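Scroll down for the structure; my scribbles are underneath it.
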Amino acid sequence: MKYQLKINKLNDQLNFIHLEIDDAIEICEKAIKIILTSVEELKKDISKRKFKSQEEEIRFFREIRPQFTSKLIYYNKIYKIETKKPRGGRRIVRKYYRNELQKLKQFFDYELEFYKYYRTGSTYLDYKYFVRGDFDIKLSLDSLYFESDLQFATLHSYKVAKIMAHDLLEVYIEDKLIETNNNLSQKPSQHQPNINLTWTGSKVALTELLYAIHSEGVFNNGAVDLKTIAEFLESVFNINLGQYRRTFLEIRIRKSERTKFIDSLKNNLLKRMDDADY
């Protein structure tokens, strides 16, 4: 619970940055500083305590620490991608982003064995992968492991973080490719409402609603893609959803309350119905 509160606090800080800043490079600079501070606090906390069992240690290095490290990897990689992005036409930029996407694929291909182990929820090698100081040289080792603080790292905790970060990076790059697609010109909405409404809830909540609407298939008998619905909601509610695919990925990996906004809608509507009965 304590670590979950730390993660929630970090996520709130990062979400605030995205709301306040539009420039990707500036977002990354501020995000990295915040994450480094959070990781350092986590490191100090671990140095002051001992795990009660091997199971507790495994859980920390498999599930908790990677949630912090993955964010550092993610924003650091975006910073490098955006600062090295070539100046040129859309064709050049698209080629650049495709190459970055290919690099992610190469990582997954190289780490395929561990990727399958982690994605399938296997645990039979956790005692080797996620326990400090007890590494097997016969296993695939990352040189970074030997350069890190071995009291705050295990053999594969960093690899889990990279998998989590690369999931987010894949969404980020795909969104950038969509933005630079010559065939997807920005067209003003033909359905302008008579009254201007501004969404004053969170972007996360609207993203949750966006995916729920798309999943239900309530527009044009379900023959509308996600991007079209997103643009419609942005136009109607006077809001920029930003990287909604990345936001949805964050919602997906929530440990609890994955449909927080939808649940709140249901509960408040039921309460209103109950109140109206009296």
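The sequence shown runs 1 to 278 under full-length UniProt numbering. The beta-carbon is built from N, C-alpha and C at its ideal position, and this holds for glycine as well. Treat the numbers as computed from the prediction; the structure is a model and nothing was measured.
| field | Residues near residue 183 in its chain [Cβ-Cβ closer than 7 Å; skip 5 each side] | value | Residue confidence is low: residue 183 scores 44 on pLDDT, short of 50, so the model does not pin down where it sits. No coordinate-derived value is stated.
| CA-to-CA distance, residue 198 to residue 239, given in whole angstroms | Cα to Cα, residue 239 sits roughly 7 Å from residue 198.
| request: Please determine, among 80, 155, 62, 164, the residue with the shortest C-alpha to C-alpha distance to residue 108. | output: Measuring from the Cα of residue 108, the nearest candidate turns out to be 164.
| said: I believe residue 208 touches residue 262 by the beta-carbon criterion, under 8 Å. Please report the beta-carbon distance rounded to the nearest angstrom. | reply: Going by Cβ atoms, the distance from residue 208 to residue 262 rounds to 6 Å, so yes, they are a contact pair.
| query | Under a Cβ-count criterion, where at least 16 other Cβ atoms within 10 Å of its own Cβ denotes burial, should residue 73 be classed as buried or exposed? | reply | Its Cβ being crowded by 16 or more others within 10 Å, residue 73 is buried.
| said: If the criterion is Cβ atoms closer than 8 Å, does the pair residue 46 and residue 130 meet it? | reply: No, the pair does not count as a contact, with Cβ atoms beyond the cut-off.
| field | Neighbour-count burial assignment, residue 111, 16 or more Cβ in a 10 Å radius | value | Its Cβ being crowded by 16 or more others within 10 Å, residue 111 is buried.
| request: Indicate whether the contact test is met: 3 or more Cβ pairs, each with one atom in the region 65-79 and one in the region 157-171, closer than 8 Å. | output: Short answer: they touch.
| query | In or out: residue 66 buried (at least 16 other Cβ within 10 Å) or exposed? | reply | Counting other Cβ atoms within 10 Å of its Cβ, residue 66 reaches 16 or more and is therefore classed as buried.
| field | 4-residue-minimum alpha helix (DSSP H) runs that sit fully inside the region 65-91, ordered along the chain | value | As far as the region 65-91 is concerned, its whole alpha helix (DSSP H) runs of at least 4 residues are 65-83.
| Candidates 206, 257, 106, 126: closest to residue 8 by CA position | Ranked by Cα distance from residue 8, the options 206, 257, 106, 126 are led by 257.
| field | Cα-Cα separation, residue 104 to residue 170 | value | So the two alpha carbons sit approximately 7 Å from each other.
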